[in-house]
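The structure under discussion appears below in the form of C-alpha cells.
Protein chains: 2
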Amino acid sequence: MAKRAYHHGDLRRALLVAAVEVIEESGPAALSLRDLARRADVSHAAPQHHFGDKAGLLTALAAEGFDLLARELADTRAATGSFLELGVVYVRFAIAHRAHFEVMFRPDLYHAGDPDLVAARRRAGDALYSGVSELPDVGTRRDVREAGLAGWSLAHGFATLWLSGALPDLGTNPEEAARPILRQLNPYA
Amino acid sequence: MAKRAYHHGDLRRALLVAAVEVIEESGPAALSLRDLARRADVSHAAPQHHFGDKAGLLTALAAEGFDLLARELADTRAATGSFLELGVVYVRFAIAHRAHFEVMFRPDLYHAGDPDLVAARRRAGDALYSGVSELPDVGTRRDVREAGLAGWSLAHGFATLWLSGALPDLGTNPEEAARPILRQLNPYA
DNA sequence: CGCCCATCTTGTCAGCGACAAGTTATGCTG
DNA sequence: CAGCATAACTTGTCGCTGACAAGATGGGCG
C-alpha cells in the first residue's frame, strides 16, 4: 500500500493530507482535484495518476478511515474491554477524523466495491461487533445482534448529529457529552 | 411561499420534484442545475431565477424536509402519544423521504441561516422534544434532555446507517427492523 | 551504459455554476 | 381596453472542473 518516495517526495500522501484539510474546512462537496494539485504544487493532472479519478481519491480516504477506526476500536477493547467505552471511542474517532468519517458513510462519493476498502470496512465491523458478544447479560444470538446494532446506531447518530451542528450546545468535549447519552442504552447500564 | 402558475405551470415545484428524483438515484453530489433544467424542458438559467443558486435550491429542499418531518411527528404524537413510535416515524420519514433527509443534515450544502429553513427546523425540533417530556419515569430536566438526545441519536443513527447501506441485511421493512433496536433504550423499556 | 517504466506535464474537451443582458407574457391600473 | 410594470424565462458568456490523451523526465536496474 505505502508507495516509495519519488519526484515530489510522496505526492499520494500529500494529496490525501490536503484533501482532509479541505474537507474539514468546507465539506466533501467543496473538494477539487485541481485545488489539491495546486496545494501540492504539481500539475492539474498529477492527482489522476495516483487515484484514477476523484472517486478514487475518496475511496482511498474512506479506506484509510475504516482502517484507522478498526485500529482504535481494537486498541480500546484491549485496554478496557468496556462496551460503553467502545461507543465513546467511536464518537471520538468521528470528530477527531471528521473528514474521513464524513466520506466513509457516503458510498455515492467513492468506489464502494474497491477491495482495499471492503477489507478495511470489514475489519472495522469486526472490531465493533467483537465487543458486543462479551456483554454479560445478553442471551440469544438475536439479542447480541440487536444490542450491537443499537450501540452502533446510537454512537453513529450522536456523532453525525454533532458534526452536522444539529445538536444543542453540549460544550466542547464530545466524549464527555456522549457518555451520559450512551449510558441510556440498556446493555450499557 | 407557494407560487402561482405561470409559463411553465409551476417550475419551482417541478424543479424540486426533479431534484428529489436525482438525489434518490445518485445522491446530492450528482445534482446539477442544468440537468434539472433539461428535465423540466426549460433553459439552463431558469432554475437560478427561482432559487438564486444551487445552494438556494437545496435550502428549499431542506426546509421542505424539516416541515414534512415536523408534521409527521406531530401527527404521530397526536395519534399514539408513544415515545417509541416517535422514533419509528423518524426512521420511516428518513427512508421514505430519503432525498430530503440526506440534504437536511448537510448544512455545508445549503444556506443554513435561511429564515424559512430555520423556522421549519425549529418546528421539527419542538415536535421531537415535546414527546420526551411526557415520559413517565424521567425525573430531572437533565434526565429528560439526555433521554431525548439518546432517542434522537438512536433513530438518526439507525436511519443514516440504513441509508448508507452499512447495516447488515435486515429485510425490506425499515420500520419493523427499527423497532427492536429502538427498544434497547432505557426510557423505551 | 542504456533501457524501462513509474511519475508527472501539457494540452484539450465538454459540462458545470454564476452572472449579465435581453425577451416574452401576465396581470394590474387607469 | 390600452399601456405598462414586472415576474418568468432565454441567450450568451466566463472561469473552473474532471477526465482523457500524448508527451516529457528521471530514477533504478540489468
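Chains as they are written, first to last, in the numbering used here: chain A, 1 to 189; chain B, 1001 to 1189. Here a beta-carbon is modelled for each residue, glycine too, at the ideal position from N, C-alpha and C. All values reported here derive from a predicted model rather than from experimental measurement.
Is the stretch 1097-1117 of chain B touching the stretch 138-147 of chain A in the sense that three or more CB pairs, one from each, lie closer than 8 Å? no
Output yes if chain A places a C-beta closer than 8 Å to the C-beta of residue 1186 of chain B; else output no. yes
Flag residue 153 of chain A as yes if its beta-carbon sits less than 8 Å from any beta-carbon of chain B, otherwise no. yes
Between residue 1165 of chain B and chain A, is the shortest Cβ-Cβ distance under 8 Å, so that the two count as touching? yes
Round the Cβ separation of residue 58 of chain A and residue 103 of chain A to the nearest angstrom and send it over; I've been treating them as touching at under 8 Å. 5 Å
Please compile the residues from chain A whose C-beta is within a distance smaller than 9 Å of the C-beta of residue 1160 of chain B. 105, 153, 156, 157 and 160
Among A:45, A:100, A:79 and A:87, which residue has its Cα nearest to the Cα of residue 20 of chain A? A:100
With distances taken from CA atoms, which of B:1178, B:1140 and B:1074 is nearest residue 1158 of chain B? B:1178
Within 10 Å of its beta-carbon, does residue 1153 of chain B have 16 or more other beta-carbons around it, so buried, or fewer, so exposed? buried
Helix, strand or coil at residue 1031 of chain B [DSSP, three-state]: coil
Exposure label - residue 85 of chain A; buried when at least 16 CB within 10 Å: buried
Return the chain-ordered ranges of every alpha helix (DSSP H) run that is complete within the stretch 123-188 of chain A and spans a minimum of 4 residues. 141-164 and 174-182
Establish whether the CB of residue 1004 of chain B and some CB of chain A are separated by less than 8 Å. Here residue 1004 of chain B scores only 40 on pLDDT, less than 50, and its place in the model is too uncertain to base an answer on.
Are the Cβ atoms of residue 1060 of chain B and residue 1051 of chain B separated by less than 8 Å? yes
Give the secondary structure of residue 9 of chain A by DSSP, where H, G and I count as helix, E and B as strand, and everything else as coil. strand
Measuring only the C-alpha atoms, how far is residue 90 of chain A from residue 1097 of chain B? 27 Å
State yes or no: is the beta carbon of residue 33 of chain A nearer than 8 Å to at least one beta carbon in chain B? no
Measure from the alpha carbon of residue 1125 of chain B to the alpha carbon of each residue in B:1183, B:1042 and B:1069, then state which is nearest. B:1069
Segments of 4+ residues assigned as alpha helix (DSSP H) that fall wholly inside the stretch 1012-1067 of chain B: 1033-1040 and 1046-1051
Report the three-state DSSP secondary structure of residue 111 of chain A (helix, strand or coil). coil
For residue 1106 of chain B, three-class secondary structure by DSSP: coil
Closer than 9 Å between beta carbons: that is the criterion. Which residues of the stretch 22-48 of chain A meet it against chain B? 26, 27, 28, 29 and 30
Quick one: grab the DSSP three-state call for residue 1076 of chain B. helix
Note down, in chain order, every chain B residue with its Cβ under 8 Å from the Cβ of residue 181 of chain A. 1146, 1149, 1150 and 1153
If we ignore side chains and look at the alpha-carbon of each, how far apart do residue 1118 of chain B and residue 1063 of chain B end up? 8 Å
For the stretch 1160-1169 of chain B against the stretch 162-176 of chain A, are there 3 or more C-beta pairs whose distance is under 8 Å? no
Within the same chain, show all residues whose beta-carbon is closer than 6 Å to that of residue 123 of chain A, passing over the 5 residues directly before and after it, in chain order. 70
CB-CB under 6 Å to residue 129 of chain A, same chain, minus the five flanking residues each way: which ones, in chain order? 148
Can you tell me whether residue 1012 of chain B is buried or exposed? The criterion is at least 16 other CB atoms within 10 Å of its CB, across all chains shown. buried
Just how far apart, CA to CA, sit residue 116 of chain A and residue 105 of chain A? 16 Å
Distance, residue 162 of chain A Cα to residue 1073 of chain B Cα: 22 Å
Report buried or exposed for residue 1017 of chain B, applying the criterion of at least 16 other Cβ atoms within 10 angstroms of its Cβ. exposed
How would you list, in chain order, the residues of chain A whose beta-carbon sits under 7 Å from the beta-carbon of residue 1108 of chain B? 26, 27 and 29
Whole-angstrom distance between residue 92 of chain A and residue 150 of chain A, CA atom to CA atom: 18 Å
CA nearest to the CA of residue 1180 of chain B, picked from B:1088, B:1095 and B:1107: B:1088
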